[in-house]
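So in the numbering used here, the last one in the sequence shown is 241, and the numbering has no gaps at all.
By construction, the Cβ of each residue, glycine as well, lies at the ideal position given by its N, Cα and C atoms.
As structure tokens, the structure follows; a few thoughts come after it.
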Amino acid sequence: MWELHQKYGSLPWKDLIQPAIKLASQGFRVTPYMADTLNSYQERFYKFKTTRKNLL
């Protein structure tokens, strides 16, 4: 992302990543639809160590 920003970006880096920083630090509300969708992928998530550790 940084390399693409350096080559093509016009926004300040700080402004570009601020929404991601906010979501990472404050989290977000999961809607029932999103919860159902994520639950439908539970078997797939379980196959990978990283997703198993972070999501299950």
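Nearest-angstrom Cα separation, counted from residue j out to residue i
i: Leu-208; j: Ile-202; result: 10 Å
i: Tyr-226; j: Leu-240; result: 11 Å
i: Met-186; j: Gly-194; result: 10 Å
i: Arg-237; j: Met-219; result: 18 Å
i: Thr-235; j: Gln-191; result: 29 Å
i: Glu-188; j: Gly-212; result: 27 Å
Enclosing alpha helix (DSSP H) for residue i [first to last residue]
i: Tyr-193; result: 187-193
i: Tyr-231; result: 227-231
i: Thr-236; result: 234-240
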